[in-house]
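Peer 1:
Numbering (full-length UniProt numbering), first residue to last: 1 to 969.
Written out as structure tokens, the structure reads:
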């Protein structure tokens, strides 16, 4: 391990536990505690990835969980963040976004084409000629993204956890630790979270060659760990901020939803790179990255290095490098006045040359363009941001540490609603107005001096305590006089470009200039045109420089440019974490066990389990044969289906009828007791949402059914609108309290009448009628329905009696061959009847006029939900209509499927929504959306199958039983 240095105090690796792993076919040694990047760098491996667009060789940049060009795959997981992911024995890794390996990537030629691939070129090319677009689309899709999705990835769901505290502190650096100790001393319950695997922040690496600050860290950690009021969580990050101080903490083992009474954001800052030609080569990295390598992982970042800086931190970096034997050739300071005297003297005492008012004009790459050979240093004019190439000198080196300033890690503050201002003293956006219960401390608050940061943490803790009702004396923090930690414009122009601002997307300075010329001179528009800040690092190292460049282009102060919107999550979060535990509750009907015992093949129907069809024990029926036999039993004799999953809601009160008039599209005020009507529900846009049946049980009482999957939604909407409209209505949700079954077919009456005291004759219970009585000795609600058959009886009984009544009906129907049928047969039967299914044959845009449901809409009513939209829609021509169709008699070709498109002259006119072969009719029938011109009975249209074949179909009227009388369509 050529890059390792002597054991250091506080290092994060365990040298007693060596391990080996493989990277790109090469065996690499490391230690427990190493990250992938630190182990590779220690082994002398510098090329860790390829850039997204130009496939340029890339190495370490930040070493702080947002090195986008050091993403790996282990064959199972993809886009592993190598700078923070721990190595493990035997793991096999390779870089993503390469073709042929990271060193011999075949796509590296794209870098030579970069002058022809500026930002936005994809908006202006490839779409002409139209005939070639499918070719280019295929190429673009293959180039998009950074890793390959593993479709065999294991289902790793992590349960969500919940926690509550008085104070949540985000960031366990100096100010965060100080705030936690101070808040705990106030008697507050504290949760302290940090994304690093150990607490301490910059106290664990920024030593300036002197590790005495480690004593400060150890003292703070001792106080934290010894205080029972503090819970320290490391290796986890605050994913976002939500209303009422809800912050999801994302760790390896899942998400913990923390509900805090107050939140202190001490999240620190992101180091920002200066911009110069070839600042992306392997070996060019941020100053803090070199310090992390040295002081956390005992790895030399390079043997002979140069530091380019625009603040005092670069000098501290140089001292840390010199302390471990790295030859520091020079500190190149972009500021004309340089660093404060004592810091500059410490550097010069080490024999390190300091070049003030200078910059790196460009890095000269090695012959393979995968390493640093030397740097070209020029005089730099801070006012014009121009280098003077005439003064150029070359310094030989194998690495560059760079530091231009900092950007606040303020995503949580923005999400909480904090108003920020630009502080020119620190050249940083800092909080100006914080929302209630949210506080900021440390560098994110614009406080950089260590003593001031510790005091700022205490101040925030006191303010949080007082917010919670305590009365502590406020603390005032005064920033000592110091040079600005950030440079106002650390950008070096170069006529040949390749001075990268965004390392995620390969965006150069000239790309921002071109975007502004195109008119994209608003920061949000520029973000979308150039894609700056839209890569995996989400602009953590690029947004601030992008803002400065745009401000310079528009000749405006930085605060007038503003910032882009910060949205959750702070880092990419596994879908399994978001999904939570593998908990999928189901509801069973009263007859569930009967279905299982009798060969029911169960399926999910919303939250319910229902039989799709039945395959009796010992039977060799296929699914399609079983469905056809069940449907044939209903057509020729009698069948029964479990309908318990239907929503069942009682609506009663003096305003019950008036409520239904407003809620549904039909008329219910004049509905007779004992009668039923179809109840169709729309949303405010006039889109069909649900349809059911409303039975009037009494003048002030209705019994309403809904589709199975919509029961909870309809009930909730009823509750909401009763409150909005202030009506005297009471609702009782009986969905789970009542079992229901439908007995259908020509022999259904003979089965039901043997078990009931209700007159179920054609005169006693006509179609649509409702009566109450007893069925099999149980109080029941019985109605005549005709959804799957002209003759059918829907029977509702209490849940506990459901099995008894079901079995009694099955026993009574044995003589006529009764057969249970499932949801698949139900869909075929309703299709034969010509009844569409809302949400199956309709979609999120379908209105009643398109689905031949005008008869269910009483437009002359004063009001119903969606009426206003329908009044607008009915004045416009329709774009499509839902029709029933039949394929040609004797059709034997490829059967169209649901969602296959209706095509006319090469244009899409609609789609198939339902289709099935009916053994009873011996025809293939279905529903489809077609153009209004094709919707008349007898019209012909073409359906394109999956293979591209065109199948002719004929519009016909429903029910389809007339096909039995005619050979033609």
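Beta carbons are placed, not taken as given, at the ideal position from N, Cα and C, and that holds for glycine.
DSSP has residue 393 in a bridge; who is on the other side?
Peer 2: If you number the chain shown from 1, residue 393 lands on position 393. DSSP output for residue 393 lists 377 as bridge partner(s).
Peer 1: Is it true that the CB of residue 756 sits closer than 7 Å to the CB of residue 794?
Peer 2: Within the chain shown, numbered from 1, the residue matching residue 794 stands at position 794. Within the chain shown, numbered from 1, the residue matching residue 756 stands at position 756. Against a cut-off of 7 Å, the Cβ pair of residue 756 and residue 794 comes out as no contact.
Peer 1: At what residues does the beta strand (DSSP E) containing residue 82 begin and finish?
Peer 2: Reading the chain shown from its first residue, position 82 is the one you call residue 82. Looking at the DSSP string, residue 82 is not in any beta strand (DSSP E), and its letter there is neither H nor E.
Peer 1: Please report the straight-line C-alpha distance between residue 781 and residue 699, rounded to a whole angstrom.
Peer 2: Numbered from 1 along the chain shown, position 781 holds the residue referred to as residue 781. Numbered from 1 along the chain shown, position 699 holds the residue referred to as residue 699. Rounded to whole angstroms, the gap between the alpha carbons of residue 781 and residue 699 is 17 Å.
Peer 1: Are the beta-carbon atoms of residue 43 and residue 264 separated by less than 7 Å?
Peer 2: Translated into positions along the chain shown, residue 43 becomes position 43. Translated into positions along the chain shown, residue 264 becomes position 264. For residue 43 and residue 264, no; Cβs fall outside 7 Å.
Peer 1: Which residue's Cα is closest to the Cα of residue 808: 108, 461, 752?
Peer 2: The residue labelled residue 808 in the question sits at position 808 within the chain shown. When only C-alpha atoms are compared, the closest one is 752.
Peer 1: Return the CA-CA distance between residue 732 and residue 744, expressed in angstroms with no decimal places.
Peer 2: On the chain shown, position 732 is the one that residue 732 refers to. On the chain shown, position 744 is the one that residue 744 refers to. Cα to Cα, residue 732 sits roughly 28 Å from residue 744.
Peer 1: Could you pull out every residue in the same chain whose Cβ sits closer than 7 Å to the Cβ of residue 16, ignoring the five residues on either side in sequence?
Peer 2: For the purposes of this step, residue 16 is taken as residue 16 along the chain shown, with counting starting at 1. So no residue of the chain qualifies.
Peer 1: With C-beta atoms as the reference, is residue 49 less than 7 Å away from residue 64?
Peer 2: Taking the first residue of the chain shown as 1, we reach residue 49 at position 49. Taking the first residue of the chain shown as 1, we reach residue 64 at position 64. No. Outside cutoff.
Peer 1: Spell out the partners DSSP gives residue 953 in its beta bridges.
Peer 2: Position 953 of the chain shown, counted from the first residue, corresponds to residue 953. In DSSP, residue 953 forms a bridge with 887, 941.
Peer 1: Could you check what DSSP says for residue 822 in three-state terms: helix, strand or coil?
Peer 2: What you label residue 822 is simply residue 822 of the chain shown in a count that begins at 1. Reduced to three states, the DSSP call for residue 822 is coil.
Peer 1: Of the choices 674, 689, 861, whose alpha-carbon is the least far from that of residue 773?
Peer 2: Counted from its first residue, the chain shown places residue 773 at position 773. Closest by alpha carbon: 674.
Peer 1: Please classify residue 845 as buried or exposed, where buried requires at least 16 neighbouring CB atoms within 10 angstroms.
Peer 2: On the chain shown, residue 845 is found 845 positions in, with the first residue counted as 1. The residue is exposed, with fewer than 16 neighbouring Cβ atoms inside 10 Å.
Peer 1: Of all the options 918, 534, 522, which has the alpha carbon lying nearest to the alpha carbon of residue 553?
Peer 2: Walking along the chain shown from the start, residue 553 turns up at place 553. The candidate whose alpha carbon is nearest that of residue 553 is 522.
Peer 1: Taking the alpha helix (DSSP H) that residue 654 falls in, what are its first and last residues?
Peer 2: As a first step, residue 654 is located in the chain shown; it is residue number 654 there, counting from the start. Here residue 654 belongs to no alpha helix (DSSP H), and DSSP marks it neither H nor E.
Peer 1: Kindly indicate which residue of 799, 89, 94 has the alpha-carbon position closest to the one of residue 77.
Peer 2: In the chain shown, counting from the first residue as 1, residue 77 sits at position 77. Among 799, 89, 94, the Cα nearest to that of residue 77 is on 94.
Peer 1: Verify whether the separation of the beta carbon atoms of residue 266 and residue 442 is less than 7 Å.
Peer 2: Position 266 of the chain shown, counted from the start, is the residue given in the question as residue 266. Position 442 of the chain shown, counted from the start, is the residue given in the question as residue 442. Yes; because the gap between Cβ atoms is below 7 Å, this pair is in contact.
Peer 1: In chain order, what are the residue ranges of uninterrupted beta strand (DSSP E) at least 3 long that sit wholly in the segment 767-822?
Peer 2: DSSP runs (the beta strand (DSSP E)) wholly in the segment 767-822: 770-775, 778-785, 792-798.
Peer 1: Measuring straight from C-alpha to C-alpha, what distance separates residue 169 and residue 199?
Peer 2: Here residue 169 refers to the residue found at position 169 of the chain shown. Here residue 199 refers to the residue found at position 199 of the chain shown. So the alpha carbons of these two residues sit roughly 12 Å apart.
Peer 1: If we require 4 or more residues per run, which alpha helix (DSSP H) segments fall completely within the segment 618-696?
Peer 2: 623-636, 656-663
Peer 1: Hey, how far is the Cα of residue 201 from the Cα of residue 114?
Peer 2: What you label residue 201 is simply residue 201 of the chain shown in a count that begins at 1. What you label residue 114 is simply residue 114 of the chain shown in a count that begins at 1. So the two alpha carbons sit approximately 38 Å from each other.
Peer 1: What does a CB cutoff of less than 7 Å around residue 324 pick up in its chain, not counting 5 residues either side in sequence?
Peer 2: Numbered from 1 along the chain shown, position 324 holds the residue referred to as residue 324. The answer, listed in chain order, is 5, 294, 300.
Peer 1: Assign residue 9 to buried or exposed, taking buried as 16 or more other Cβ atoms, counted over all protein chains shown, within 10 Å of its Cβ.
Peer 2: For the purposes of this step, residue 9 is taken as residue 9 along the chain shown, with counting starting at 1. Counting Cβ neighbours within 10 Å, residue 9 comes out exposed, since fewer than 16 surround it.
Peer 1: Looking at C-alpha atoms only, which residue of 692, 812, 954 is the closest neighbour of residue 838?
Peer 2: For the purposes of this step, residue 838 is taken as residue 838 along the chain shown, with counting starting at 1. The option with the nearest alpha carbon to residue 838 is 692.
Peer 1: As an exercise, report each continuous alpha helix (DSSP H) stretch of at least 4 residues that is fully enclosed by the segment 552-617, in chain order.
Peer 2: 558-561, 575-579, 592-597
Peer 1: For residue 233, which residues in the same chain have their Cβ closer than 6 Å to its Cβ, ignoring the five residues on either side in sequence?
Peer 2: By one-based count along the chain shown, residue 233 stands at place 233. Cβ neighbours of residue 233 beyond the five flanking positions: 193.
Peer 1: Are at least three pairs of beta-carbons, each pair with one atom in the segment 363-377 and one in the segment 274-285, less than 8 Å apart?
Peer 2: yes
Peer 1: So what's residue 296 in DSSP terms, helix, strand or just coil?
Peer 2: Translated into the one-based positions of the chain shown, residue 296 becomes position 296. Residue 296: helix per DSSP, three-state reduction.
Peer 1: Rounded to whole angstroms, what's the CA-CA distance from residue 532 to residue 519? Just pull it up for me.
Peer 2: Along the chain shown, one-based indexing puts residue 532 at 532. Along the chain shown, one-based indexing puts residue 519 at 519. Distance between the alpha carbons of residue 532 and residue 519 is about 16 Å.
Peer 1: Return the CA-CA distance between residue 84 and residue 871, expressed in angstroms with no decimal places.
Peer 2: Reading the chain shown from its first residue, position 84 is the one you call residue 84. Reading the chain shown from its first residue, position 871 is the one you call residue 871. For residue 84 and residue 871, the distance between alpha carbons rounds to 59 Å.
Peer 1: Let's see if you can read the secondary structure: which residues bound the alpha helix (DSSP H) around residue 482?
Peer 2: As a working mapping, residue 482 is identified with position 482 in the chain shown. Premise fails: residue 482 is in no alpha helix (DSSP H) and is neither H nor E.
Peer 1: Taking the alpha-carbon of residue 899 as reference, which of 892, 912, 211, 685 has the nearest alpha-carbon?
Peer 2: As a first step, residue 899 must be located in the chain shown, where it is residue number 899. The shortest Cα separation from residue 899 among 892, 912, 211, 685 belongs to 912.
Peer 1: Which residues mark the beginning and the end of the alpha helix (DSSP H) in which residue 174 is found?
Peer 2: Locating residue 174 in the chain shown gives position 174, counting from the first residue. Unbroken alpha helix (DSSP H) run through residue 174: 174-185.
Peer 1: Nearest to residue 435 by alpha carbon, out of 586, 262, 337, 347?
Peer 2: The residue you call residue 435 lines up with position 435 of the chain shown. Closest by alpha carbon: 262.
Peer 1: Name the one or two DSSP bridge partners that residue 305 has.
Peer 2: For the purposes of this step, residue 305 is identified with residue 305 of the chain shown, where counting begins at 1. DSSP output for residue 305 lists 328, 399 as bridge partner(s).
Peer 1: For residue 587, which residues from the same chain have a beta carbon less than 6 Å from its beta carbon, with the 5 sequence-adjacent residues on both sides left out?
Peer 2: Taking the first residue of the chain shown as position 1, residue 587 is located at position 587. Counting only Cβ-Cβ distances below 6 Å, and skipping sequence neighbours, we find 607, 608.
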